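Counted from 1, the sequence shown has number 629 at position 629 by the UniProt record's numbering; the numbering is strictly sequential. A virtual CB, placed ideally from N, CA and C, is assigned to each residue, including glycine. As the structure is a computational prediction, the values presented were derived from the model and not from experiment. What follows is a single structure, written as structure tokens, with notes after it.
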Amino acid sequence: FRKVELNRKSLQQKMRHSCLLLLLFVVSTNCRYYLDDSNRDYLANLINQERFRDSRQDSYDYDYQRYNNDYTQKRNDFSSTRNKFMNILSDILEARKEENGLHHAASVVEQQHIPSAQEKSNIKKPDVEKHKLLMPGVSPQKPDTYLCYAQKMSDDDQYITKFEPLADMKVAHHMLLFSCDEPFQKDKVWGCREMAPVCKSGMQMIKYAWGKNAPSLEMPKDVAFHVGGKSPVKYLVLQVHYLNVDSFKDGKTKDHSGLIYTTTTQKPSYFAGIYLLAAGWPPIPPHKDKFHMDMECGYKSSKQMKIYPFRFRVHAHKLGAVITAYRVRNGKYTLIGRGDPQRPQAFYKVDNDLDIKDGDDVIGRCTFNSTSRDTVTNIGATHKDEMCNFYIMMFYKADYGDQNPGCMQTTDSFSYPDDSDVTLAEMERKGSMYLHEHSFKEVDGWPKGLKAGQVGQIAGVEVNKDHVIIFHRGGRKWDQNSFDAQNKLASALQEPISDDTLVWLDRHTGEFVKSMGAHLFYMPHGITLDQSGNIWLTDVGAHQVFKLSPEGKVLLVVGERFVPGDDGKHFCKPTDVVVVQETGEFFVSDGYCNQRVVKFDKTGSKMLMEISPKSISHLNPPSMRIVHSLAFDEENNRLYVADRENNRVLVFNSQDGDYVWQIAFKEAVYAVAVNKKDNVLHAVTTNYVDPKKTSGYTYHLKSKSFITTWKPPAGFGRPHDLAVSKDDNEIYVSEIGPNRVIKFASKQAQKTRP
């Protein structure tokens, strides 16, 4: 390029290609930090003149993703390549000077300062970065294959704050992320088997585990894993288990399962670490339904370092039934975690808020069922052997440096709680038996004062201490002619409903109390009461959300009447609202068209957050189909979203909108409600194929299991919404055909009724 005389046309073409290559390299090597402002601005103008600006961002993104895995290796070669870059840039500027008389260009290059190593170390780098660690297009052909791939960490100190899976359970059975000083292989994928070591030197430690579409894992605030730099973690190793390889049989399909991990250069106040509790003795005799292997670590810290558990993971092989761990302090046992080693590989939340300090004991028990074995089973690394591990993800003050305490010690010096060997399945059954009193039955003869024909389609229902409030459509029905192709309400329906659309019934007798809401709504849908008794309503016809006082005065309207949209001031057929008691902020399920949930400030004038398909792009399916109902657990910051046509309830963190987990159903989920008294979620569904299977469900949130179903003896019609009393003893379901409200009472409520 420098040795050939070029005419103007050829020069421009070469300059375009050179700029493209140079800018891609700038992104992948961070050399943008070594250009001063004048050169950076000049280069931007040069790109603009050559009409390259429109496509450069796509090039950045593509290049960053493609080369992220070997990013750190490229930086090692930066010094020599940077000089080549400056030579080429000098030639480009010189050519432009000769062609267009831009005499200042030469001085720009002449004045360009090449920083020293010391100066480079002082240059501020991005505080937060996202890195991808992915399988580089593998195609396993044998079932039950384990593959590993390593990535070198930066020479600078970095701190991992979040892990985000990029995998589908249909392809990858589970993934583990290990930390190493040096892996067995550095530049290629290798077969690593389940229990084979992945590290050649240094301590091998699990940092993250994923299975069955488990959610992202984010560290608590101001907590991070220390990697690279002066830490003992020089490599991360990704292990992916491909149990079923049918998707690779064509020989063409390649897999890129892996994860994104977020790092910061800002040192946190607390380091995250793993406390490993393990046992290797005694051998497990055959034909035992419960064989215990106990372990104990007396926690000693000369520096008085406290550790704070926040996640845990268990590991055993086929005989493992349950693994429990406790902190023992002054004779008192506090559960750290109870895990089923046969369930998905993941780090689960520690429910108890606790710390571990000098003088405490950390004990664990592995319970094995060897009734299927005729010979002794040893502890070891093969599938025929067993293991007994309890991993505690914890944090501690960063001032103590890098620590990974733990021990492998078998003991029989502690007595264990009676339920230490009770499996999760047994615990869930006990929970089901405990809550069996909350199986619900229809209350005959309720309501007494509401007869067929007096109300229209009952789209929504709510309950407070004394009343049941219904939101109905009067003489109006939603059918195929109600909206046009642009989701605008038919002109014939653009007159408000003349009937009172809000009706109050006595909660106990069902008798009529009062009504209001005439000449205000066009196609009623959802209803919610806040802690002040205000009534929140959604109108899918008007594309609006309303807030009414208890007396019926309109306090707030969000959205533009009859104008569908997807920004912060418009909705498209909004379905439901939940309100944050502490702040007055509220969520709206913008449900039929936009497939999103939007969070607003208490005035409704500012959109604070949007939960959209981007939030669940890693799920299958990766989008929502009719966001129909919301439920809110303010105490635990959980937002429950009925993804109606995908037969599931999605659970999000209400503070940041991050996906947490999901609950799968067999039918379309129309409505959900959470009751914190019994820690349950109630849902009502519709089976389009077999209406007899339409049912209500009660789901225990802590044990993550369904505990009961309920429906009228004659079956449901077309259930649309539900409401639950504060004491969790009554459920009210509204139907849009026939137009009725059904009251269900728990067995406990029926026993106490006079």
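Residue range of the beta strand (DSSP E) that includes residue i
| i | result |
| --- | --- |
| residue 338 | 332-339 |
| residue 620 | From DSSP, residue 620 is part of no beta strand (DSSP E); its letter is neither H nor E. |
| residue 158 | 158-166 |
| residue 393 | 389-397 |
| residue 733 | 730-736 |
| residue 526 | 524-529 |
| residue 785 | Only positions 1 to 754 of the chain appear in this structure, which leaves residue 785 out of reach. |
| residue 281 | Residue 281 -> no beta strand (DSSP E), and no H or E assigned at all. |
| residue 516 | 512-516 |
| residue 298 | 291-298 |
| residue 598 | 596-600 |
| residue 219 | Neither: residue 219 is in no beta strand (DSSP E) and is coded neither H nor E. |
| residue 661 | 659-664 |
| residue 376 | First-last for residue 376: undefined, no H or E at that position. |
| residue 575 | 574-579 |
| residue 696 | 696-700 |
| residue 365 | 361-368 |
| residue 720 | 719-724 |
| residue 582 | Counting along the chain, residue 582 falls outside any beta strand (DSSP E), and DSSP gives it neither H nor E. |
| residue 490 | Taken as a continuous stretch (DSSP letters only), residue 490 belongs to no beta strand (DSSP E), as it is neither H nor E. |
| residue 472 | 467-472 |
Integer Cβ distance of residue i from residue j, believed to fall under 8 Å
| i | j | result |
| --- | --- | --- |
| residue 231 | residue 402 | 6 Å |
| residue 575 | residue 628 | 5 Å |
| residue 272 | residue 223 | 5 Å |
| residue 387 | residue 467 | That pair is no contact at about 58 Å. |
| residue 414 | residue 284 | 20 Å between Cβ atoms; not a contact. |
| residue 646 | residue 667 | Wrong, their Cβ atoms sit about 11 Å apart, outside the cutoff. |
| residue 684 | residue 733 | 6 Å |
| residue 678 | residue 728 | 5 Å |
Beta-carbon proximity check, residue i vs residue j, cutoff 8 Å
| i | j | result |
| --- | --- | --- |
| residue 211 | residue 344 | yes |
| residue 716 | residue 730 | no |
| residue 392 | residue 277 | yes |
| residue 447 | residue 505 | yes |
| residue 601 | residue 585 | yes |
| residue 375 | residue 319 | no |
| residue 642 | residue 672 | yes |
| residue 282 | residue 333 | no |
| residue 830 | residue 568 | Outside the shown range of the chain, which is 1 to 754, sits residue 830, and nothing can be said about it. |
| residue 525 | residue 460 | yes |
| residue 662 | residue 649 | yes |
| residue 151 | residue 236 | yes |
| residue 146 | residue 191 | yes |
| residue 172 | residue 240 | yes |
| residue 470 | residue 741 | yes |
Option in the options with minimal Cα separation from residue i
| i | options | result |
| --- | --- | --- |
| residue 690 | 718, 376, 698 and 506 | 718 |
| residue 638 | 625, 629 and 654 | 654 |
| residue 165 | 158, 488, 218 and 742 | 218 |
| residue 326 | 304, 372, 282 and 419 | 419 |
| residue 755 | 193, 550, 200 and 191 | In the structure as shown, the chain begins at 1 and stops at 754. Residue 755 is therefore absent and cannot be evaluated. |
| residue 631 | 138, 421 and 527 | 527 |
| residue 615 | 147, 215, 467 and 646 | 215 |
| residue 440 | 606, 254, 712 and 167 | 712 |
| residue 142 | 158, 243 and 455 | 243 |
| residue 238 | 222, 205, 252 and 281 | 205 |
| residue 644 | 356, 624 and 167 | 624 |
| residue 249 | 322, 568 and 138 | 138 |
| residue 660 | 299, 415 and 347 | 347 |
| residue 197 | 373, 734, 380 and 158 | 380 |
| residue 286 | 371, 359, 315 and 136 | 371 |
| residue 131 | 160, 463, 695 and 513 | 160 |
| residue 605 | 613, 495 and 587 | 587 |
| residue 640 | 577, 542 and 539 | 577 |
| residue 313 | 554, 208, 193 and 702 | 208 |
| residue 289 | 322, 444 and 265 | 322 |
| residue 477 | 133, 181, 739 and 153 | 739 |
Residue i beta carbon near the ligand COA (any heavy atom closer than 7 Å)
| i | result |
| --- | --- |
| residue 647 | Of the ligands one can find in the structure shown there are none, so the ligand COA has no counterpart to examine. |
Does the count of Cβ pairs from the region 355-374 and the region 260-267 closer than 8 Å reach three?
The region 355-374, when compared against the region 260-267, does not touch it at the 8 Å Cβ threshold.
Taking 8 Å as the threshold, find out whether the region 308-318 comes into contact with the region 384-397 through three or more Cβ pairs.
Put simply, the region 308-318 touches the region 384-397. At least three CB pairs are less than 8 Å apart.
Are at least three pairs of beta-carbons, each pair with one atom in the region 555-575 and one in the region 496-510, less than 8 Å apart?
Cβ pair count under 8 Å is below three, so no.
Under 8 Å: do the region 243-260 and the region 322-337 share three or more Cβ pairs, one atom per stretch?
Contact between the region 243-260 and the region 322-337 is absent, because fewer than three Cβ pairs lie under 8 Å.
Quick one: any contact between the region 491-501 and the region 546-556, if contact means 3 or more CB pairs under 8 Å?
No: the two stretches stay apart, fewer than three of their Cβ pairs being nearer than 8 Å.
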